[in-house]
Structure formats: structure tokens, C-alpha cells
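What follows is a single structure, written as C-alpha cells, with notes after it.
Protein chains: 2
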Amino acid sequence: MFSPSEEYVPWIVNYPVSSMHTRLLAYTSRHIDLSPAEADYFVSLFKHRQYLKRQFVLQAGDICRHETFIVSGCLRAYFVEPSGSFHIVQFAVEDWWTADLKSLWHETPATLNIDALETTDVLQIEKSNLDRLFREIPKTERMFRVMLTNAFIAHQQRIIDNLCKPAAERYLAFLERYGSISQRVPQAQIASYLGMTPEFLSQVRRNLMR
Amino acid sequence: MFSPSEEYVPWIVNYPVSSMHTRLLAYTSRHIDLSPAEADYFVSLFKHRQYLKRQFVLQAGDICRHETFIVSGCLRAYFVEPSGSFHIVQFAVEDWWTADLKSLWHETPATLNIDALETTDVLQIEKSNLDRLFREIPKTERMFRVMLTNAFIAHQQRIIDNLCKPAAERYLAFLERYGSISQRVPQAQIASYLGMTPEFLSQVRRNLMR
DNA sequence: ATGTTTTCTTAAACTTTCTTAAGGGTTTTT
DNA sequence: AAAAACCCTTAAGAAAGTTTAAGAAAACAT
Chain A
-12 MFSPSEEYVP WIVNYPVSSM HTRLLAYTSR HIDLSPAEAD YFVSLFKHRQ YLKRQFVLQA
48 GDICRHETFI VSGCLRAYFV EPSGSFHIVQ FAVEDWWTAD LKSLWHETPA TLNIDALETT
108 DVLQIEKSNL DRLFREIPKT ERMFRVMLTN AFIAHQQRII DNLCKPAAER YLAFLERYGS
168 ISQRVPQAQI ASYLGMTPEF LSQVRRNLMR
Chain B
-12 MFSPSEEYVP WIVNYPVSSM HTRLLAYTSR HIDLSPAEAD YFVSLFKHRQ YLKRQFVLQA
48 GDICRHETFI VSGCLRAYFV EPSGSFHIVQ FAVEDWWTAD LKSLWHETPA TLNIDALETT
108 DVLQIEKSNL DRLFREIPKT ERMFRVMLTN AFIAHQQRII DNLCKPAAER YLAFLERYGS
168 ISQRVPQAQI ASYLGMTPEF LSQVRRNLMR
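These protein sequence lines map, in sequence, to chains A and B. Counting in the numbering used here, the first sequence runs from -12 upward without gaps. Counting in the numbering used here, the second sequence runs from -12 upward without gaps.
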């Protein structure tokens, strides 16, 4: 056994913001080329923020004010029904973006809640700055269009999976696509994402071990 | 009773292509303003095509070559499983766009089939022309980004509905959102879209009539 | 360490949805 | 006008998924 004093690594590491910018720019460079001046301007529009476990990034009913890029940690977006039961719509980890897009673009009350499953560092850009960014550096709009295209494709695949795959296959597909997430998120959350009860997922897992 | 000779209206009406262009421009004007010259250039990149009932717009395995705007008629996009059963992913009627986006942008074999449920007039633009269009008239890229945002939002809502609503509610939600489609498409197709068997949908409808 | 809370598992009864099979009513084709 | 193909309905039994409730295991807090 290790003594805590030897092994303990604090969760909350205070990376300098500049290194978060580096991460965002590394992501960006996969889609478009920015000149040094453009890159400076680009990151200047983002504000850093850290959320602690269980802290809300967005609450249903509020208006979603920014698009959020995750530098480290894990967020979840979920929908709460009047009955009280809730359904996870998205997990978002490093290099993912999240927002309630309907609320953000139409400036209507959000239907999604977004909160942190771990301590999470993000960079956020406000809608008005996003509009400005698209105007001043049009290729950034291309990047968002491409990101959105990919997100759309992924959602379409998820719809197909939900329509035609039984629970066990949906779970296996989840493991393939989001294996890393499955190891840092409680099982009940995964069940919610997959649209089944935690008890049933447990049963499914048992059956799969043969 | 009417004699056919008095009442018969041919399905296939040959609208002039220019009126189809008008329809596309009317759609476009909801999103962006184009100068007359830009509008001319814009529509010049689209080719008209008519599909007859049951004719394929895209077959799984082929590469999707264009984005398709529907001027009149109705298309469906569906996914066929190895087992032979199939699932409708999208109905597309007047003023809608359709494509297998993954196939179109990544130039990979399509997983979706798209075919006509009625005689359908479309305007199609090839990927290369879409790229050119975005380069020459950047605000068109904005339109596609906004369209995609809305499509993404709709898909997200559909995922939520599939996760949490029982069959009867999903059917009612479908009627609300796509009432016009429900009157021109056979019931079994709607069942496929909703992820249930036609027999069960029939039962659901009977139960709802009380 | 110890007690507390959260998470995971198990099992039985129940509800929802599917499968199969049959019958009747439309259209469409011949 | 008959035959064929298509579409919708009904019903009984089977399978898939949920609910409830209880106990075990792991993580967290003091």
C-alpha cells in the first residue's frame, strides 16, 4: 500500500491559461490554418473558467450564453423530464465542444442542463464574439460548419443505433466509441445515455460476460 | 363519381426550371441576402432532376455526390440492416435538404439509401461546386452552418424523444411536427421512422382513439 | 479505521413492445 | 372483372425492458 502523502496527486492542477490556449489552437489547427495574429485574436475572445464537480455550466431555463470548449475534465448535458427522470444527451471530454445550441442561437430558455462530472477547465466564447469572429475571420465559420457536420453525423448514427440495436449492442457500441468515458463515469450515467435503466444495464453486462 | 377524364390531374407537371430556381431563392432569402448577380451564380450551380416513385437518389455503397434540395415531392432516407430490416432516418419534403453527409464530405461509401416516395423534383449541387460556392460567396457558408445547426437541434430532440417517450407519445409528437407528411406516407413507413413495428403502431392508434 | 453515502448487482413481478399469423380492404395490374 | 400486390388491423404468445426492493461492494468523509 502507498501512503496518501506519497501517492496523492491533486485533482485541481492550475495549468496556466496560456497552455489552455495552446490546446485550443492545437485543436483548431486540425481544421484551419491561422496566422499568428489571427491565432492571438482568436484565443483573445475566449475566457477561461474552471467548474468543480457537480457545478452547473448551464441550467435549464437560463439562456445559454456561450459555446464551451473543454480543455480537461468531463461535462455532461442532460434533460430532466417533468416526472423527474433524466436522460443524458452528451458526455463531453477534452477537445469537445458543448452548448445548448437552440438556446444559444435563438436566445430562448435552455432545455438542457450541463454540469461537471469532474473538475473541468474550459474556454468559453460568447455568442456576440462568435458572430464577430465569423465576420472577421471567415474561415473560422468553416471550422464550426465542419464541426457541426460531424456532430450531426454522429447524432444521426446514434438515432439509427437507438432505433435498431438491442440494449447489449448499444452498450458495446458505446464502449467502442467512448471507451475512455466509460471508465470515468458511473454506470448509471451510461445507462441513462443509452436509454435503459441502470438495473437492466447491469443485467446486460452480466450476460455479456459469457 | 367523377369520370377520370374530367378529374385526372397528371402527377408529373413540368414546371419550368426557372420556377424551381425561384423556390430555391425564396428559401435562401430566409437566411441571407443575395444580390441579383450572386443569386444568378448561386442557382447556376444547381442542376434540376426529377425522380419517379421508388427511384433511387442514392444507394448505400455508392458515394454521395451532391446535396439535394427538394422543390416538390417527398424523399425518404433509410438504413438497411444486414438482417434485411430497415429504418427510416428522415423524410424530406418541399424546402428540405437531404444527403448522406458523411459520404458527401468524407467521400466514403454511403450507408444510407435515399429514394422517392412520390414523383419528386429536386435541385442538386455537387460537393466541388459547394466548396466553390462557399469560397466565392462566404455568406452561403453561413446559411449552411445555420441549416446544419437547426438540423442538429432537431436530431437532438429526436434522440431525447426516443430515449424518454413511450410509443404513443412519440407518435403524437410526430403528428404535431410532421402532420403533413403523415398524410402522404404509408403508416408502415411512419412506424419505421418511429422505431416500432407497423402492427404495434396500429395498436397504438387504436388505443389513442378514446 | 469507521461509519456513511454512493454505486452496483440480483431477482421476481410487471409493462411495453415484438413476432407471427390470419383476415379484410384497397389499389394496381392484367 | 379478376388477379395480384399492397396496406391496415387484430390477437395470442414471446421477448425485451422496467419497477421495486433488498443486499453487497466500493468510494468518501470524519
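Even for Gly, the Cβ is constructed at its ideal location relative to N, Cα and C. Keep in mind that this is a model prediction, so the values were computed, not measured.
Spell out the partners DSSP gives residue i in its beta bridges.
i	result
B/Gln46	Answer is none; B/Gln46 lacks a bridge partner.
A/Cys61	A/Val80
A/Tyr38	A/Thr107
A/Asp20	DSSP output for A/Asp20 lists no bridge partner at all.
A/Glu54	A/Ile112
A/Ile75	A/Tyr65
A/Ile124	Note: A/Ile124 sits in no beta bridge, so no partner.
B/Asn100	B/Tyr65
How many Å lie between residue i and residue j at the Cα?
i	j	result
B/Pro3	A/Gln144	37 Å
B/Ile140	A/Ile57	20 Å
A/Leu195	A/Val172	20 Å
A/Thr85	A/Gln111	10 Å
B/Gln190	B/Phe33	44 Å
A/Arg157	B/Gly60	35 Å
B/Cys151	B/Met183	14 Å
A/Arg132	A/Gln42	30 Å
A/Asn137	B/Arg129	16 Å
B/His18	A/His93	14 Å
B/Pro23	B/Arg52	27 Å
B/Ser16	A/Leu12	35 Å
B/Leu88	A/Phe73	30 Å
B/Phe78	B/Gly71	20 Å
B/His35	B/Gly166	28 Å
B/Leu62	B/Ala175	15 Å
A/Ser(-10)	A/Asn149	Reliability fails at A/Ser(-10), whose pLDDT of 31 lies under 50, so the model's placement of it is uncertain and no value is given.
A/Ser6	A/Met134	23 Å
A/Phe121	B/Phe121	13 Å
B/Val109	A/Gln37	49 Å
A/Arg197	A/Ile146	28 Å
A/Pro153	A/Leu159	10 Å
B/His142	B/Ser115	27 Å
A/Val80	A/Leu45	16 Å
Note down, in chain order, each residue of its chain lying with its Cβ closer than 8 Å to the Cβ of residue i, except the 5 sequence neighbours on either side.
i	result
A/Phe161	Ser169, Ile177, Tyr180, Leu181
B/Pro96	Ala47, Gly48, Asp49, Ile50, Ser90
A/Ile124	Leu21, Glu25, Tyr28, Phe29
B/Leu31	A small correction: the amino acid at residue 31 of chain B is Ser; Leu does not occupy that position in the sequence shown. Same-chain partners within the cutoff: there are none.
A/Glu68	His74
B/Ala155	Val191, Asn194, Leu195
Classify residue i as helix, strand or coil using the three-state DSSP reduction.
i	result
A/Leu150	helix
A/Ile177	helix
B/Leu110	strand
A/Gln170	coil
B/Thr85	strand
B/Thr95	coil
B/Pro185	helix
A/Phe33	coil
A/Ile140	helix
A/Trp(-2)	A caution first: A/Trp(-2) carries a pLDDT of 43, below 50, which makes its placement in the model unreliable, though a value can still be read off. Three-state DSSP puts A/Trp(-2) in coil, outside helix and strand.
B/Arg10	helix
B/Ser70	coil
B/Arg192	helix
B/Arg197	coil
B/Pro3	coil
Spatial neighbours of residue i within its chain, please: C-beta separation below 7 Å, excluding the five flanking residues on both sides.
i	result
A/Leu117	Glu54
B/Leu39	Ala103, Thr106
A/Val76	Ala64, Tyr65, Phe66, Leu99
A/Lys126	Ile19
A/Pro185	Gln174, Ala175, Ala178
B/Glu113	Arg52, His53
If you drop the 5 nearest sequence neighbours on each side, which residues of the same chain put their C-beta closer than 6 Å to that of residue i?
i	result
A/Arg10	Val58
B/Tyr14	Asp82
A/Phe187	none
B/His8	Val30
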